[in-house]
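Working notes, beginning with the structure itself.
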Amino acid sequence: MLPRDTLDVLCPLHLQIAPDGMVRHLGPTLIKLQEGAVAQGRPFTDVFEVFRPRRVHDLAGLLDLAGRKLQLRLHSGQGMTLRGLVIPDGTGGAILNLSFGIGVVDAVRHHGLTSTDFAVTDLAIDMLYLVEAKSAAMEASRTLNRRLQGAMREAEHRAITDTLTGLQNRRAMDHTLQRLLRNEERFAVLHVDLDFFKQVNDTRGHAAGDQVLQAVARVMLDLTRKDDIVARVGGDEFIILLVGLVDRPRLSVLAERLISRIEQPISIDGADCSISASIGISVHLPDVAGAQAGNQLLEQSDQALYLAKRSGRAQHAFYEPWELRNAP
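Under UniProt numbering, the first residue of the sequence shown carries the number 1, and numbering increases by one thereafter.
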């Protein structure tokens, strides 16, 4: 029989069984799998259970399976399943050489095994390198995909967002407007233009003007619903699409609330900036004959805004063809 040191090198995952069925010696890797459990000097059936090709209860039964592939389960080490081959040792005992089979990856991770725990000719370590390389490549690919998807989402967000106010921009508003028209939704268009905003830029500078626009955006978001669309479409011009809201009294109340809130002084660097707003409103009713197209709705809200401006500003007006025709 080979010396133990030689067996430990050639078969680090092996078990020597004495003629009386007691464990004589364990290879260094098998000792790791025992996780501190004492095996030497105990019956081999206390260390593992052979369940294929049949159950084994003693050394004679184990030797009857010499040269055949065995499947066995360790009683310690979380019941790990191993593959094995048993051969007589020439003294009445047996040597059982073991391997992990397809469970090698889990074994390495769970027990912290390294290449020194395998025979130098064992192809398992080469497979482990391939598995680790594949895992690293897949993780790098997943990381790259996450970054690309994040960059795409960020680019898409920037493409539809006004960078100063965080509101949607003209492109996003046009897209939503066309969708509402295709779906024959009922909605209102509010065209909001700030009054006296140019004076803020002229007297306080563009930085102050930017802060005013940001404050106005917050007011609009605060007074509208989650599904409403609020967009900045020009320097001090905004469009609000109110989905499902076409009742004129309710639209008037909202317009007046917007004007009242926007008129509240905005403190910038310790000084107040005062502006107001004029609002023009058009309504889309797809079930009414002569329903408008998108550009018509925007033009109508613009005409109503012009009427509100001509009427003294800080007001709102609905699109009414006969009123516009008779406007001074």
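Backbone N, C-alpha and C fix where the C-beta goes; we use that ideal spot for every residue, glycine too.
Measuring CA to CA, which of 193, 301, 103 is closest to residue 319?
-> When the alpha-carbon of residue 319 is set against those of 193, 301, 103, the nearest one is in 301.
Ranges of the beta strand (DSSP E) found wholly within the segment 60-124, counting only runs of at least 3 = Fully enclosed beta strand (DSSP E) runs of 3 or longer: 70-74, 81-88, 94-99.
Would you call the segment 139-147 and the segment 208-223 in contact, with 3 or more CB pairs under 8 Å?
-> The segment 139-147 vs the segment 208-223: no contact.
Return the chain-ordered ranges of every alpha helix (DSSP H) run that is complete within the segment 170-212 and spans a minimum of 4 residues.
-> Within the segment 170-212, the complete alpha helix (DSSP H) runs of at least 4 residues are 170-182, 197-204.
Cα-Cα, which of 35, 96, 40, 27 is closest to residue 59?
-> Ranking 35, 96, 40, 27 by Cα distance to residue 59 puts 96 first.
Applying the criterion that 16 or more other CB atoms from any shown protein chain within 10 Å of the CB defines a buried residue, is residue 138 buried or exposed?
-> Exposed is the call here.
Should the segment 162-180 be called in touch with the segment 236-255, which here means at least 3 C-beta pairs below 8 Å?
-> In short, these stretches touch, since the Cβ pair count reaches three.
Could you tell me how far apart the beta carbons of residue 118 and residue 12 are, in whole angstroms, since I believe they sit closer than 8 Å?
-> Yes, residue 118 and residue 12 are in contact; Cβ-Cβ is about 7 Å, under 8 Å.
Could you give the C-beta distance for residue 194 and residue 216, rounded to a whole number, given that I count them as a contact under 8 Å?
-> At roughly 7 Å, the Cβ-Cβ gap stays under 8 Å, so residue 194 and residue 216 are in contact.
Could you give the distance in angstroms between the alpha-carbon of residue 329 and the alpha-carbon of residue 151?
-> Here the chain has residues from 1 to 328 only, and residue 329 is not among them.
Could you pull out every residue in the same chain whose Cβ sits closer than 8 Å to the Cβ of residue 161, ignoring the five residues on either side in sequence?
-> Spatial neighbours of residue 161 in its own chain (CB-CB distance under 8 Å, excluding positions within 5 residues in sequence) are listed in chain order as 167, 168, 169, 172.
Going by Cα to Cα distance, which pick from 284, 305, 53 is closest to residue 183?
-> If we check each option's Cα against that of residue 183, 284 comes out closest.
Going along the chain, which residues of its own chain have a beta-carbon closer than 8 Å to the beta-carbon of residue 22, five neighbours each way excluded?
-> Around residue 22: 41, 42, 43, 44.
Determine, using beta carbons only, whether residue 281 comes closer than 9 Å to chain D.
-> Going by chain labels, chain D is absent from the structure shown, which holds only one protein chain.
Collapsed DSSP secondary structure at residue 49 in the structure displayed | The answer is strand: DSSP assigns residue 49 an E or B state.
For residue 237, which of 196, 269, 226 has the nearest alpha-carbon?
-> Taking only the C-alpha atoms, the option nearest residue 237 is 196.
Are there three or more Cβ pairs, one per stretch, closer than 8 Å when the segment 267-275 is compared with the segment 301-310?
-> Of all C-beta pairs linking the segment 267-275 to the segment 301-310, fewer than three are shorter than 8 Å, placing the two stretches out of contact.
Burial state of residue 116 (16 or more Cβ within 10 Å) | Residue environment analysis places residue 116 among the exposed positions, since fewer than 16 neighbouring C-beta atoms fall within 10 angstroms of its C-beta.
Spatial distance of residue 141 from residue 82 (CA atoms) | Taking C-alpha positions only, residue 141 is separated from residue 82 by approximately 33 Å.
Simplified DSSP assignment, three categories, for residue 269 = Residue state, collapsed to three classes: coil.
So what's residue 2 in DSSP terms, helix, strand or just coil?
-> In this structure, residue 2 counts as coil in the three-state DSSP scheme.
List the endpoints of the continuous beta strand (DSSP E) containing residue 229.
-> Note, residue 229: beta strand (DSSP E), 229-232.
Kindly indicate which residue of 234, 266, 248, 286 has the alpha-carbon position closest to the one of residue 204.
-> Checked all of 234, 266, 248, 286; the closest Cα to residue 204 is 266.
First and last residue of the uninterrupted beta strand (DSSP E) at residue 277 = Per DSSP, the unbroken beta strand (DSSP E) holding residue 277 starts and ends at 276-284.
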